[in-house]
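Enquirer: So that we are looking at the same thing, I have put the structure below in structure tokens.
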Amino acid sequence: MKYAIFLSMLWRSLFLQALWNFERMQNIGFAYVLLPLLKKIYPDKDDRKAAVIRHLEFFNTNPYVVNFIFGFIAAMEEDLVKGKDLTKEQISSLKINVAGPLAAIGDKFFWATWRSFTALLSISLIIYFHDINDFRGTWLPPLFFLLIYNILTVFFRYWSLRISYRYRKKVVKLITKMEFRYLINAVRYIGLLFLVFILVFYLYLNFSNIQQLAVFILILLLSMLFIMLQFVPAILLYSIIAICIGISWLNSVLQLNLYM
Amino acid sequence: MLEVLYISFLAAIFNLDITAFGQFMISRPIVCGPVFGYLLGDIKSGLWMGMIVELLWIKIIPMGAAVPHDTTAITILSMVWGLNTAKDSYGALIFALMLAAPSGILSRKLDIWVRYLNVEVAHWVEKGVASGKESRINKGILIGVLLFFLKAFLFYFVLICLGNSMIPRLYSHLNVAVTNGLNLAWWLLPLTGFAVILVSFHNKFPTLIKK
């Protein structure tokens, strides 16, 4: 695979979900990414048609890890043209069988863990810098989040396409051997550590009298109770706001010396 | 009116990042909040609002074929509505957030509708390829991006217009105790967010209801 085609596939893989539909999900996106390669290896339009139609079948996976699949599919398509011992059915069954487990890993790691973790890091910057009036780096938290999050995903997208094109089916074995579970747990524990620091720092910032601290702890405990009762985010938001209005009402009616 | 058009255009561009293009996470509340806060003249409130939405909705992720709630819409609408109601008032921002929270569900419904429309486009592309018109793949991708963009643009335009005309009037009727409570919520909602992330990061956190 030439480097120009490699770059073209990398760029096109960003559009994987552009025509996401409820029938075959990312099928058009898949064919769109593979098109530069198919044009190269099947110069004749009629030969190419069958290959493109083969790749218009059902397909759905996580957009960050999809380049693993593109890498070995590209390699296998090239082998098919060279006449190696390979059938078209093998290509599509491998593609479908790898997509599911890979999507599960990608969702669990990138969406559920890495995004929360990087968001938490940049939130710690917001809490840390919020009350300093002449702090000029207001853009730091969002830029930090984008940078840290995308360093991993962009690198992963690039690397997975390269490595999977080079090592083909061996990559499938590699993925099954990778212990993503330990990585996820490690990231989560570091995240919890950060969270405790942020929480203590936030309470410390707002600790001017004992009543105020009592209100903060009360809200924290009540939120945890609501979350364990499986409240959805919007309902959680409304219940906390209702409690805040209640506190403010008590404050004004009973002349309590609460936080205000 | 020109400003509303410009804001909804930008919001629609940011919205494309969720599904149609890239997933570079510029659509996250923590990025959208400060950006739209900057455009409307208050970055710091934008950062804080982005943080609140990010934390509260952190568990909502696009698993498999599920379409998640649109947190981008919640952030952008609450920033636009809140800063339009009153500058330098945290209560107005929280009031706007309360009204914007259901818009995430509305946006999700529209998203599902677009994805059903995409089925028709995909059929058109598949038929074209079968009859030798391969360029329809490129056109189909372009149409997909345009559909997602148009949906987001119309959604933001209509909701920003409606909210800007109604919310200041609603807010002016609120009691002082209520606005003070909303102000208090501005400082207490991050704690709720920390509780959400605490429970979601801890694998074996006890739940009161058995699944």
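Sequence lines, in order, name chains C and P.
What the first sequence shows, in my numbering, is residues 298 to 557, in sequence order.
What the second sequence shows, in my numbering, is residues 20 to 230, in sequence order.
Virtual Cβ for every residue (Gly too), placed ideally from N, Cα, C.
#1: Do the stretch 362-369 of chain C and the stretch 447-464 of chain C make contact, defined as three or more Cβ pairs closer than 8 Å?
#2: Around the C-beta of C:V362, are 16 or more other C-beta atoms found within 10 angstroms, so that it is buried, or is it exposed?
#3: Give, in chain order, every unbroken run of the alpha helix (DSSP H) that is at least 4 residues long and sits entirely within the stretch 376-414 of chain C.
#4: What whole-angstrom Cβ distance do P:A141 and P:G159 have, given they're in contact under 8 Å?
#5: Contact criterion: CB-CB distance below 9 Å. Does C:S461 meet it with respect to chain P?
#6: Could you name the residues of chain P that C:N447 contacts, counting a contact when the two beta carbons are closer than 9 Å?
#7: Using the Cα positions of P:R188 and C:A511, report the straight-line distance between them to the nearest angstrom.
#8: Check distances from the C-beta atoms of the stretch 72-84 of chain P to those of chain C and list, in chain order, the residues that come in under 8 Å.
#9: Among C:N359, C:L334, C:R412, whose alpha-carbon lies nearest the alpha-carbon of C:L377?
#10: If we cut at 9 Å on Cβ distances, does C:N364 have a partner in chain P?
#11: Just to confirm the assignment, what range does the alpha helix (DSSP H) spanning C:H352 have?
#12: Can you find the residues in the same chain that come closer than 7 Å, C-beta to C-beta, to C:T450, ignoring five residues on each side of it along the sequence?
#13: C:M322 bridges to which residues according to DSSP?
#14: Interface residues of chain P around C:E320 at Cβ under 7 Å?
#15: So the candidates are C:V550, C:N548, C:L307, C:A372; which of them puts its Cα closest to the Cα of C:K466?
#16: Buried or exposed: where does C:Y462 fall if 16 or more other Cβ atoms within 10 Å of its Cβ makes it buried?
#17: Kindly give me the distance between the Cβ atoms of C:A409 and P:I37, rounded to whole angstroms, as I take these residues to be in contact under 8 Å.
#18: Do we get a CB-CB distance below 9 Å when we pair C:N394 with the residues of chain P?
#19: Give a yes or no on whether 9 Å exceeds the smallest Cβ distance from C:F367 to chain P.
#20: Count the other CB atoms, across all protein chains shown, that sit within 10 Å of the CB of P:W132; report buried if there are 16 or more and exposed otherwise.
#21: Could you name the residues of chain P that C:A400 contacts, counting a contact when the two beta carbons are closer than 7 Å?
#22: Spatial neighbours of P:L136 within its chain, please: CB distance less than 7 Å, with the 5 preceding and 5 following residues excluded, ordered by chain position.
#23: Below 8 Å on the Cβ atoms is my contact criterion, and I expect C:F324 with C:L353 to pass it. Report the Cβ-Cβ distance as a whole number of Å.
#24: Of the choices C:S520, C:I514, C:R351, C:L492, whose alpha-carbon is the least far from that of P:V148?
#25: Decide yes or no for the touch test of the stretch 87-101 of chain P against the stretch 22-36 of chain P: beta carbon pairs closer than 8 Å, at least 3 of them.
#26: Taking Cβ-Cβ distances shorter than 7 Å, what residues in chain P pair up with C:W317?
#27: Rounded to the nearest angstrom, how far is the Cβ of P:L59 from that of P:L102, given a contact under 8 Å?
#28: Can the beta-carbon of C:Y425 be found closer than 9 Å to that of C:F498?
#29: Thinking C-alpha only, which one of C:D344, C:L313, C:L519 is nearest P:G151?
#30: Compare the Cα-Cα distances from P:L203 to each of C:L422, C:R412, C:F453, C:N548 and report the closest residue.
#31: Going by CA-CA distance only, name the one from C:L304, C:M298, C:Y329 that's closest to P:S163.
#32: In terms of residue numbering, what span does the alpha helix (DSSP H) encompassing P:L125 cover?
#33: Can you name the residues of chain P whose CB is closer than 8 Å to the CB of C:S413?
#34: How would you list, in chain order, the residues of chain C whose beta-carbon sits under 8 Å from the beta-carbon of P:P121?
#35: Would C:I537 and C:S520 qualify as a contact pair, given that the criterion is a beta-carbon distance under 9 Å?
#36: Just to confirm the assignment, what range does the alpha helix (DSSP H) spanning P:G56 have?
Expert: Reading from the atomic positions:
#1: yes
#2: buried
#3: 385-403
#4: That belief holds up - the Cβ atoms of P:A141 and P:G159 are roughly 7 Å apart, short of 8 Å.
#5: Taking a beta-carbon distance threshold of 9 Å, C:S461 does not count as an interface residue toward chain P.
#6: F43, M44
#7: Roughly 35 Å between the two C-alpha positions.
#8: E73, L74, L75, W76, I77, K78, I79, I80, P81, M82, G83, A84
#9: With distances taken between Cα atoms, C:L377 lies closest to C:L334.
#10: no
#11: Unbroken run through C:H352: none, as it is neither H nor E.
#12: Residues of the same chain with a CB within less than 7 Å of the CB of C:T450, apart from the 5 flanking positions on each side, are Y361, F407 in chain order.
#13: Per DSSP, C:N318, C:F356.
#14: Neighbours of C:E320 on chain P, chain order: V138, A141.
#15: C:A372
#16: Buried is the call here.
#17: Not really, about 16 Å apart at Cβ, beyond 8 Å.
#18: no
#19: Interface with chain P (9 Å Cβ-Cβ cutoff): C:F367 is excluded.
#20: exposed
#21: G83
#22: L166
#23: Note that residue 324 of chain C is Asn in the sequence shown here, rather than Phe. That belief holds up - the Cβ atoms of C:N324 and C:L353 are roughly 5 Å apart, short of 8 Å.
#24: C:R351
#25: yes
#26: T38, R134, N137
#27: 4 Å
#28: In this structure, C:F498 lies closer than 9 Å to C:Y425 by Cβ.
#29: C:D344
#30: Out of C:L422, C:R412, C:F453, C:N548, C:N548 has the C-alpha closest to the C-alpha of P:L203.
#31: According to the sequence as given, residue 163 of chain P is Gly; it is not Ser. Among C:L304, C:M298, C:Y329, the Cα nearest to that of P:G163 belongs to C:Y329.
#32: 122-149
#33: I77, I216, S219, F220
#34: A531
#35: Yes, these two residues count as a Cβ contact at 9 Å.
#36: 48-59
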